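Following the numbering used here, the numbering of the sequence shown begins with 36 at its first residue and continues without gaps. Just so it is clear, CB atoms sit at the ideal spot from N, CA and C, and this is done for glycine as well. In this text, all values refer to a predicted model and were calculated from it rather than measured experimentally.
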Amino acid sequence: MREAHGSIEFSLNGQIMEIEGTGPWNLEQMEESGGAAAPILDQLLDSPWGVLATFHGETFYTEDAANQLIEWLKVEKQRGRVATALILTHASVPELAKWHLSQIYIQAGETVQIFSDKGEALSWLKQKIAAYEQQATFEDHL
36 MREAHGSIEF SLNGQIMEIE GTGPWNLEQM EESGGAAAPI LDQLLDSPWG VLATFHGETF
96 YTEDAANQLI EWLKVEKQRG RVATALILTH ASVPELAKWH LSQIYIQAGE TVQIFSDKGE
156 ALSWLKQKIA AYEQQATFED HL
């Protein structure tokens with residue numbers, strides 16, 4: 036088995052899972068992080084929630100890790116995940132990192148936006164969650 040590359044930590048902030056990570060990430064790191072995220076996901080699944088991910092350094096996934104992330108995102112979308120806000124810091128090639136991450140989230144059908152300010156990112160996520168809740172309430176009355 037290969038050694039895990041990259042690091043990632045998870046915390047819960049209301050309806051938002053906050054992720055702090057330093058890349059690049061490989062499949063082994065993804066498998067380790069899946070176990071670490073499970074207790075937080077258990078609290079969020081099946082109600083509207085979002086993700087604020089702050090990534091540092093080389094924010095790239097190996098191809099197999101990216102494919103794993105896409106599959107997880109698709110499942111989480113079916114379990115209440117509404118949107119993802121990304122903040123990228125200290126990337127050597129910021130535009131390439133933004134493109135790489137955007138492609139992963141778009142392939143998974145995830146609503147994603149990249150920010151430079153955490154306050155703006157949290158505000159956007161809260162708006163997306165509130166809009167989802169409002170839409171769900173409206174559909175319940177039909």
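Selection from the options that minimises the alpha carbon distance to residue i
i, options, result
"A166", "G115, L131, A143, L121", "G115"
"S158", "E111, S137, T119", "T119"
"V86", "E44, T124, G58", "E44"
"W107", "A132, A72, I122", "A72"
"I105", "S68, D152, E145", "E145"
"M52", "E63, D77, G41, H125", "D77"
Rounded straight-line distance, which links the Cα of residue j to that of residue i
i, j, result
"Q103", "I75", "19 Å"
"Y140", "K161", "19 Å"
"E66", "E168", "31 Å"
"A39", "L136", "19 Å"
"G70", "D81", "19 Å"
"A101", "Q138", "10 Å"
"L47", "P83", "14 Å"
Where residue i falls, given that 16 or more other Cβ within 10 Å makes a residue buried
i, result
"N61", "buried"
"P129", "exposed"
"V110", "exposed"
"S127", "exposed"
For residue i, the residue or residues it bridges with in DSSP
i, result
"Q227", "Residue coverage of the chain in this structure runs from 36 to 177, which leaves residue 227 outside it and unanswerable."
"N102", "Per DSSP, none; premise fails for N102."
"W84", "R116"
"I178", "Outside the modelled stretch of the chain, which goes from 36 to 177, sits residue 178, for which no answer is possible."
"M52", "L47, V86"
"H91", "T57, T124"
"S42", "T57"
Contact test: residue i Cβ vs the ligand ADP heavy atom, cutoff 7 Å
i, result
"L80", "For the ligand ADP, the structure offers nothing, since it holds no ligand at all."
**OP:** Evaluate contact between the stretch 90-107 and the stretch 53-61, counting only Cβ atoms and requiring at least three cross-stretch pairs below 8 Å.
**Re:** yes
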